[in-house]
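Residue numbers (my numbering): 1 to 71. For glycine and all other residues, C-beta sits at the position ideal for the given N, C-alpha and C.
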Amino acid sequence: MKAFKPNRRFKKKYNKLFKKDPMAANMLLLMCELADEKGQVKILGTTEEEIAEEIQKLLIARFNDPEEYAL
Numbered sequence: 001m002k003a004f005k006p007n008r009r010f011k012k013k014y015n016k017l018f019k020k021d022p023m024a025a026n027m028l029l030l031m032c033e034l035a036d037e038k039g040q041v042k043i044l045g046t047t048e049e050e051i052a053e054e055i056q057k058l059l060i061a062r063f064n065d066p067e068e069y070a071l
């Protein structure tokens, strides 16, 4: 799997979103990093609660502070 490398267009969108909602911007970054070549993200869990817990764990593992600038 190739590592996600944000281009100038993504950085511009990230920066704009970060000004409005830092958590949402970092969630977008996390999903882009987790996506496969087809752009799909597979997260373990069968219920919405399990998936939400898994996403929360991933956010905590990836970011020291989910509202901190990450690019």
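Look at the beta carbons and you see the stretch 27 to 41 touching the stretch 1 to 12: at least three pairs across the two are nearer than 8 Å.
Approximately 10 Å separates the beta-carbon atoms of L58 and P66; this is outside 8 Å, ruling out the contact.
In the three-state reduction of the DSSP assignment, F63 falls in the coil class, being assigned neither a helical nor a strand state. If you draw a straight line from the Cα of F63 to the Cα of L71, it is about 11 Å long.
In terms of Cα proximity to L29, the closest of K11, G45, K42 is K11. Per DSSP, K5 is not a residue of any alpha helix (DSSP H), being assigned neither H nor E.
Judged by DSSP secondary structure, E68 falls outside any alpha helix (DSSP H); it is assigned neither H nor E.
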